[in-house]
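One structure is given here, and the rest of the page talks about it.
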Amino acid sequence: MTVLPDADVLETALGEAERREEAAQRRRGLILALPSFAYMILFFAVPLVIVLVYSFATRTSTGSTSLSDWNLDAYRKLGEPIVRNVVIRSIVLALITTVLCLVIAYPFAYFCATRSVTVRNLLLVAVMIPFWTNFLVRNYAWRLLLSSGGPISSFTESIGLGPTEILFTKTAVVIGLVYAYLPFMILPLFASIDRLDWRLVEASRDLYASGPASFRKVVLPLTMPGVIAGSILVFVPSMGAYVTPELLGGGKETLLGSYIVTQFLTARNWPVGASLSFVLMSVMLVSTIIYFRAGGKNL
Amino acid sequence: MSGRSVAPTTRWILRSNGAIVLAFLYAPIILLAIYSFSGSRIPGEWGGFTTEWYARLFDDSRIQKTIGVSVRVALVSTVIATVLGTMSALALERFKFRGRRVFDALLYLPIIIPDVTMAVMMLMFFTQAFDLVDLLFGLGLSKGFATIVVSHVAFNIAFVSVVVRARIAGMDATLEQAAADLYANRWQAFRYITLPLIAPGVLGGALLAITLSLDDVVVTQFVAGPGSTTLPVYVFSLIRKGVTPTINAVSVIMLLASLTLVAGSVALQRANAVRGRINSE
Numbered sequence: 001m002t003v004l005p006d007a008d009v010l011e012t013a014l015g016e017a018e019r020r021e022e023a024a025q026r027r028r029g030l031i032l033a034l035p036s037f038a039y040m041i042l043f044f045a046v047p048l049v050i051v052l053v054y055s056f057a058t059r060t061s062t063g064s065t066s067l068s069d070w071n072l073d074a075y076r077k078l079g080e081p082i083v084r085n086v087v088i089r090s091i092v093l094a095l096i097t098t099v100l101c102l103v104i105a106y107p108f109a110y111f112c113a114t115r116s117v118t119v120r121n122l123l124l125v126a127v128m129i130p131f132w133t134n135f136l137v138r139n140y141a142w143r144l145l146l147s148s149g150g151p152i153s154s155f156t157e158s159i160g161l162g163p164t165e166i167l168f169t170k171t172a173v174v175i176g177l178v179y180a181y182l183p184f185m186i187l188p189l190f191a192s193i194d195r196l197d198w199r200l201v202e203a204s205r206d207l208y209a210s211g212p213a214s215f216r217k218v219v220l221p222l223t224m225p226g227v228i229a230g231s232i233l234v235f236v237p238s239m240g241a242y243v244t245p246e247l248l249g250g251g252k253e254t255l256l257g258s259y260i261v262t263q264f265l266t267a268r269n270w271p272v273g274a275s276l277s278f279v280l281m282s283v284m285l286v287s288t289i290i291y292f293r294a295g296g297k298n299l
Numbered sequence: 001m002s003g004r005s006v007a008p009t010t011r012w013i014l015r016s017n018g019a020i021v022l023a024f025l026y027a028p029i030i031l032l033a034i035y036s037f038s039g040s041r042i043p044g045e046w047g048g049f050t051t052e053w054y055a056r057l058f059d060d061s062r063i064q065k066t067i068g069v070s071v072r073v074a075l076v077s078t079v080i081a082t083v084l085g086t087m088s089a090l091a092l093e094r095f096k097f098r099g100r101r102v103f104d105a106l107l108y109l110p111i112i113i114p115d116v117t118m119a120v121m122m123l124m125f126f127t128q129a130f131d132l133v134d135l136l137f138g139l140g141l142s143k144g145f146a147t148i149v150v151s152h153v154a155f156n157i158a159f160v161s162v163v164v165r166a167r168i169a170g171m172d173a174t175l176e177q178a179a180a181d182l183y184a185n186r187w188q189a190f191r192y193i194t195l196p197l198i199a200p201g202v203l204g205g206a207l208l209a210i211t212l213s214l215d216d217v218v219v220t221q222f223v224a225g226p227g228s229t230t231l232p233v234y235v236f237s238l239i240r241k242g243v244t245p246t247i248n249a250v251s252v253i254m255l256l257a258s259l260t261l262v263a264g265s266v267a268l269q270r271a272n273a274v275r276g277r278i279n280s281e
C-alpha cells in the first residue's frame with residue numbers, strides 16, 4: 001500500500017513553492033528596475049533635494065551661498081513687490097493663454113469629433129505635426145513674422161493700418177504661448193467630446209432645449225473633464241515658460257521662468273532661485289493631482 | 001433631430017474656425033521656410049530667391065561644431081535612455097517588487113516638472129557633485145558633453161518608459177506563458193516573444209527621446225560647458241542678439257530634422273497598425 005502524503009503537507013509544500021516563485025519574481029523585477037531606479041535617485045531625486053535644501057540657505061554678500069545659516073529668507077523674499085509682480089504677471093499671462101486656447105480649441109475639437117474617421121485622423125495629425133517640430137524654431141518663426149518690417153507689419157501697412165508693433169510686448173508672448181500649447185488643449189478636448197453620448201444631446205433637443213441651451217446644459221458639463229485637463233496642460237507649462245517670453249517678450253516683461261534663470265546665471269542668488277523653482281514645481285504637482293482627479297489619465 | 005447636427009451659422013463658424021486654426025498652425029512654419037530663401041539681408045523682407053544663407057551655413061565652423069555636439073548628445077543619451085527606460089517599463093508592467101510605487105512616482109516627475117526647475121536641479125547637482133569630487137579626489141571636473149548627456153538621460157528615461165509601458169499594457173501576456181509552456185527559458189521567451197512584440201514601442205520611445213534631446217534649450221543651457229554647446233543653445237543665443245538670414249536657414253534645417261523624425265514615427269505607427277490588423281485576422 002502506498003502512503004499518500006497528508007493533504008496538509010501537500011498544501012504547505014505547494015504554498016512554499018509558490019512563495020519561493022513569488023520571491024524570485026520580486027527579485028527579478030528589482031534587478032530589472034535597479035539600474036534606472038539608481039539613476040533616477042542619483043540624477044533626479046538627489047538634485048531635487050539639493051534644490052529644496054538650497055531654498056533654505058542664505059546668500060552671502062559675495063554672491064556665494066552659505067549653507068550654515070538656515071532660514072526662510074528666500075521664501076519671505078517672495079512677498080517682496082518685485083518678485084510678487086513677476087509671479088502675478090506670470091499667472092495673468094498663463095491665464096489669458098489658457099482662456100484663449102480654450103476658446104480656439106473647443107470649436108476645433110468639436111469640429112474634429114463630428115467628422116468622419118478619415119477626416120478626423122487627418123485633422124489630428126495636422127495638429128500634432130507642428131507640435132512635434134522644434135520648439136525653438138516655432139518661437140523663432142513668430143519672432144520673424146512679428147518683427148518690424150516683417151510680413152505681418154508690411155501687410156497691415158499695405159492695407160493702410162500702419163505698421164504693427166507687436167514684438168517685445170505681452171501680446172507677442174501670449175501669441176507665442178497659444179501657438180506652442182494649443183495642441184495640449186485640443187487633444188484632451190477632442191477625447192472628451194468624442195466620448196460624449198450624443199443620445200443625451202438628442203434627448204435634450206427632444207425636450208425642446210435650444211441649440212445653445214443644450215450645449216450649455218448637456219455638452220459642456222459632460223466634456224468638463226476635457227476642459228479641466230486641457231486647461232491644466234496649457235496653464236502649467238505657460239507658467240514656467242522661459243524660451244517664449246525671452247524671444248518674443250524680449251526680456252522686457254520678466255516672467256517666472258526668466259526670473260529664476262536670472263537668479264542663477266546673473267544675479268547669483270541661488271536661494272531665491274531655488275525657492276521659486278520649488279514654488280513652481282508645487283504648482284505643477286497640485287495641478288497634476290487635480291488633473292488625475294478630473295480623470296485626465298483616461299483622456 | 002440628431003444631436004450632432006448644428007444650425008447653419010454654427011456650422012459655418014466651426015468650419016472657418018477650423019480653417020483659421022490650421023492656418024495659424026502652419027503659416028509661421030511655411031513663411032519661415034520661404035523667407036530662408038530670401039535674398040534680402042533683413043530677415044523678414046523678401047529680396048529675390050537665393051540659397052546663399054544655406055551655403056553660408058556649410059562654411060560656418062561654429063554651427064558645424066554645435067551640430068556635431070547636438071547629434072552626439074542625442075545619439076548617446078537616446079541609447080542609454082532607451083535601454084534604461086525599456087527595462088523600467090518591463091519591471092513596472094510585469095513584476096511586483098519592493099519600492100515599485102516609489103519608482104513609479106519618481107518616473108512621472110520628469111514629465112510634469114517644468115524645464116526651468118529641471119535645469120536648476122541639474123546645475124546645482126553638478127556644482128555640488130564637482131565640489132565633492134574635488135574635495136575627495138582632487139579632481140577638477142567641469143561641465144561639458146558628459147553633463148549634457150547625463151541630464152538628457154535623466155528626463156528621457158521617463159518618456160521612453162511611458163511609451164514602452166503603453167505598448168506592454170496592450171500586449172497579450174499569455175504569449176509569454178505559451179513560450180514558457182513550450183520550454184523556452186526566460187531569455188529565449190524575452191528574445192523571441194517579448195522583444196519583437198514591444199519593439200515598435202521601444203523604437204517609438206527612442207524617437208521621442210531623440211526629438212526631446214535635439215529640442216532641449218533650457219536644461220542644456222544650464223549644464224553645457226564653454227566648449228560643448230548644442231545647436232539649439234547656440235541658435236538661442238544668436239536669436240537673442242537679433243534675427244539674421246542665417247538663422248532662418250539653420251531653423252529650416254532643424255525643422256526638417258524634426259519633421260523627418262515625426263515622419264519616421266508616423267510610418268512606424270502605420271506599419272504597426274497594419275501588422276496588428278494582419279495578426280488579428
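Note that the protein sequences, when read in sequence, are chains Y and P. To convert, note that position 125 of the first sequence is 125 in our numbering; the numbers rise steadily by one, no gaps. To convert, note that position 128 of the second sequence is 128 in our numbering; the numbers rise steadily by one, no gaps. Each residue gets a CB set at the ideal place from its N, CA and C atoms; glycine is no exception.
From the options, residue whose alpha carbon lies closest to that of residue i
i: M185(Y); options: R205(Y), T171(Y), S277(Y), L124(Y); result: L124(Y)
i: S228(P); options: D115(P), G264(P), R72(P), Q269(P); result: R72(P)
i: L212(P); options: S70(P), S36(P), T66(P); result: S70(P)
i: M118(P); options: F222(P), L259(P), S251(P); result: F222(P)
i: L52(Y); options: W187(P), F125(P), K143(P), Y183(P); result: F125(P)
i: V234(Y); options: L144(Y), M284(Y), T156(Y); result: M284(Y)
i: A158(P); options: D104(P), A27(P), T246(P); result: D104(P)
i: L196(Y); options: Y110(Y), P151(Y), Q263(Y), I228(Y); result: Y110(Y)
i: F131(Y); options: A179(P), R94(P), V202(P), D215(P); result: D215(P)
i: L31(P); options: R138(Y), T262(Y), R27(Y); result: R138(Y)
i: S77(P); options: T220(P), L231(P), H152(P); result: H152(P)
i: V162(P); options: V150(P), A7(P), A81(P), F236(P); result: A81(P)
i: I175(Y); options: E11(Y), A38(Y), P212(Y), A141(Y); result: A141(Y)
i: S231(Y); options: F108(Y), L95(Y), P151(Y); result: L95(Y)
Below-7 Å beta-carbon distance, residue i vs any chain Y residue
i: G201(P); result: no
i: I42(P); result: yes
i: S142(P); result: no
i: L231(P); result: no
i: G205(P); result: no
i: F190(P); result: no
i: I157(P); result: yes
i: D131(P); result: no
i: F145(P); result: no
i: A105(P); result: no
i: L90(P); result: yes
Contact with chain P by residue i, beta-carbon distance below 7 Å
i: A141(Y); result: yes
i: F108(Y); result: yes
i: P208(Y); result: The identity of residue 208(Y) in the sequence shown is Tyr, whereas the question assumes Pro. No, because no Cβ of chain P sits closer than 7 Å to the Cβ of Y208(Y).
i: L48(Y); result: yes
i: L299(Y); result: Here the model assigns L299(Y) a pLDDT of 48, short of 50, so the residue's position is not dependable, and the following value carries that caveat. No, because no Cβ of chain P sits closer than 7 Å to the Cβ of L299(Y).
i: I260(Y); result: yes
i: A13(Y); result: no
i: P35(Y); result: yes
i: V174(Y); result: no
i: V51(Y); result: yes
i: R115(Y); result: no
i: M281(Y); result: yes
i: F215(Y); result: no
Buried versus exposed, by CB contacts within 10 Å (16 or more), residue i
i: T114(Y); result: buried
i: R20(Y); result: exposed
i: S158(Y); result: exposed
i: A274(Y); result: buried
i: V243(Y); result: buried
i: A23(P); result: exposed
i: M281(Y); result: buried
i: D131(P); result: exposed
i: R59(Y); result: buried
Per DSSP, the bridge partner or partners of residue i
i: F49(P); result: S38(P)
i: R59(Y); result: T65(Y)
Beta-carbon contacts of residue i that lie in its chain and below 7 Å, excluding the five residues immediately before and after
i: A271(P); result: none
i: R165(P); result: A89, L92, E93
i: K252(Y); result: F168
i: V21(P); result: none
Heavy atom of the ligand ZN within 6 Å of residue i beta-carbon
i: V162(P); result: Only the bare structure without any ligand can be found here, which leaves the ligand ZN out of the picture.
Cβ neighbours of residue i in the same chain (closer than 8 Å, five flanking residues each side left out)
i: Y181(Y); result: T97, C101, L233, V234, P237, S238
Residues of its chain near residue i, where Cβ-Cβ distance is below 6 Å and the 5 sequence neighbours each way are ignored
i: I193(P); result: L175, E176, A179
Selection of the segment 44–55 of chain P by Cβ proximity to chain B, strictly under 9 Å: The structure shown contains no chain B; the protein chains it does contain are Y and P.
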